[in-house]
Amino acid sequence: MSDFFFCDHGRVNISSSPDDPGRRLGIGIYYVTVGVIGIPICLFNLRVFCKKQYIQQSCYKFLAISICLDIANLFNSAFMPGILSLSNMTPCNGHVWTYYFAKQHIVFWFAYTATSEVLALNRMMIFASKHMSQILYDGNRSWLWITAIIAYTAGMFSIDPAAQFVYDPDFGAIFDATTNLVHVANNFSKLGIVSVLYILMLVFMFKQTRTAGKKVDKGQIKISLVTLTIAALADFASAAYVGASYLPKDTTLGKNSGIIGETCWFMLHSGTAFICMFCNNAVLEELKKLLGVQKKPKKSDATITAITVLAAMKSTHSNSRNSQDSNQSITRVNNFVK
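At position 209 of the sequence shown the residue is numbered 211 (this note's numbering), and the sequence of numbers has no breaks.
Encoded structure:
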């Protein structure tokens, strides 16, 4: 029925998972739900990052690119696989387009890898050399790094363009149909490069904090720690994904290793949005506005402000106003505070 070597009687035969409509239904509902929740949250983060006051900064430019790729990867690893499990569509039962769908997912993963490395380099350079960071990232120069991301993605894909990928709706995972050394090299190089760059960032950050003291840009430190947390989550997800593939196949965990592995990617691509939402002040403030829970000024704060205004008024007009005018000013301020 199909020329694909991984097909057997209309089914994908890589995982040897049983033909189980109930299992496919559960996988499908779970994956689609993750996509339906995760993608809008990523879009909310993207909306904040693209605001003028943030997108002018190089870090937010790269975070915006990263979030766009998170959305693409959630669509590829959660929403669409869920649809394929619900409908039981594979290249082996006549739906050849699903083969090309599985194949294109690696392109977005290569792009995400490159973006993570570019972002890590950016964070390291911010603390290593202000002069070099200005040369590399000032103004619209940051957007030029998109060419590096595209070049990396195209280069990695072109090494083995014939590599085959397939989604097994019964197992709940996208497989490398054969061992793909490019995919393996990409994952391990990302782990190594990003880890080294963030370690260097912490070294330079600590050094700059000790020498510059209060002059250090605390905003840069905060956003850098957020990106470091995202990188740590990516490392954990990668390690867990690899570990899931080695689970004994005759155990319950082994039989569900595909779902466990995909869940690791869900954690990465949706977890990034949650980290930004609760650890980044810009996103958190926008969320509070959306929910209508912005903190209102306390009366004590208003009192302090009013007293400050009064002091300034008295200082400025002390030579031109008499005590009666000052008393009137005090009355007006007290009325304002009440």
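Even glycine gets a Cβ: it sits at the ideal position worked out from N, Cα and C. It should be emphasised that the depicted structure is a prediction, and the values quoted were computed from it without experimental measurement.
From this set, the options, which residue's C-alpha is nearest residue i's C-alpha?
i: ALA242; options: CYS266, GLY256, TYR101; result: CYS266
i: GLU119; options: LEU270, LEU204, LYS192, ILE41; result: LYS192
i: LEU289; options: PHE6, TYR32, THR100, VAL50; result: VAL50
i: SER247; options: ASP178, SER68, ALA153, VAL98; result: ASP178
i: THR274; options: TYR32, VAL34, CYS9, ASN47; result: ASN47
i: LEU385; options: LYS291, LEU199, PHE7, LYS63; result: Here the chain covers residues 3 to 340 and nothing more, so residue 385 does not appear.
i: LYS105; options: VAL218, PHE159, PHE7, LEU204; result: PHE159
i: GLN222; options: VAL34, GLY84, LYS132; result: LYS132
i: LYS220; options: VAL244, GLY263, ASN282; result: ASN282
i: VAL14; options: GLN55, ILE262, LEU86; result: LEU86
i: ALA284; options: PRO20, GLN59, ASP10; result: GLN59
i: THR35; options: LEU65, SER19, ALA80, LEU199; result: ALA80
i: SER18; options: ALA150, LYS257, VAL295, LEU235; result: LYS257
i: SER272; options: PRO250, ALA150, THR92, GLY37; result: GLY37
i: ALA164; options: TYR33, VAL184, GLN136; result: VAL184
Is it true that the CB of residue j sits closer than 7 Å to the CB of residue i?
i: CYS44; j: ASP72; result: yes
i: LEU239; j: LEU270; result: Correcting the residue type first, residue 239 is Ala in the shown sequence and not Leu. Going by C-beta atoms, ALA239 is nearer than 7 Å to LEU270.
i: ILE39; j: LEU76; result: no
i: ASN90; j: ARG25; result: no
i: GLY12; j: CYS70; result: no
i: MET207; j: PHE280; result: no
i: HIS97; j: ASN78; result: no
i: GLY174; j: ILE29; result: yes
i: THR229; j: LEU121; result: yes
i: ILE225; j: CYS61; result: yes
Per DSSP, what kind of secondary structure is residue i in: helix, strand or coil?
i: CYS52; result: coil
i: ILE176; result: strand
i: TYR2; result: What the structure shows of the chain is the stretch from 3 to 340, and residue 2 is not part of that stretch, so it cannot be assessed.
i: VAL205; result: helix
i: ASP170; result: strand
i: PRO163; result: coil
i: SER197; result: helix
i: HIS97; result: coil
i: VAL109; result: helix
i: MET158; result: helix
i: ASN258; result: coil
i: THR253; result: coil
i: ASN90; result: coil
i: GLY24; result: helix
i: THR341; result: There is simply no residue 341 to check, as the chain begins at 3 and stops at 340 in what is shown.
i: GLN222; result: helix
i: GLY294; result: coil
Does the beta-carbon of residue i have 16 or more other beta-carbons within 10 angstroms, so that it is buried, or is it exposed?
i: MET126; result: buried
i: PHE341; result: It is not possible to answer for residue 341, since the shown part of the chain is limited to 3 through 340.
i: HIS170; result: Checking the sequence, you will find Asp at residue 170 rather than His. Answer is buried; the Cβ neighbour count reaches 16.
i: CYS52; result: exposed
i: ARG212; result: exposed
i: GLN210; result: buried
i: THR181; result: exposed
i: ILE306; result: Bear in mind that a pLDDT of 48 at ILE306, under 50, signals an unreliable position, so the model cannot answer this.
i: HIS102; result: The amino acid occupying residue 102 in the given sequence is Tyr; His does not appear at that position. By the neighbour-count rule (16 or more Cβ atoms within 10 Å), TYR102 is not buried but exposed.
i: VAL186; result: exposed
i: ASP172; result: buried
Can you name the residues that DSSP bridges to residue i?
i: ARG125; result: Beta-bridge pairing links ARG125 to no other residue.
i: CYS9; result: VAL14
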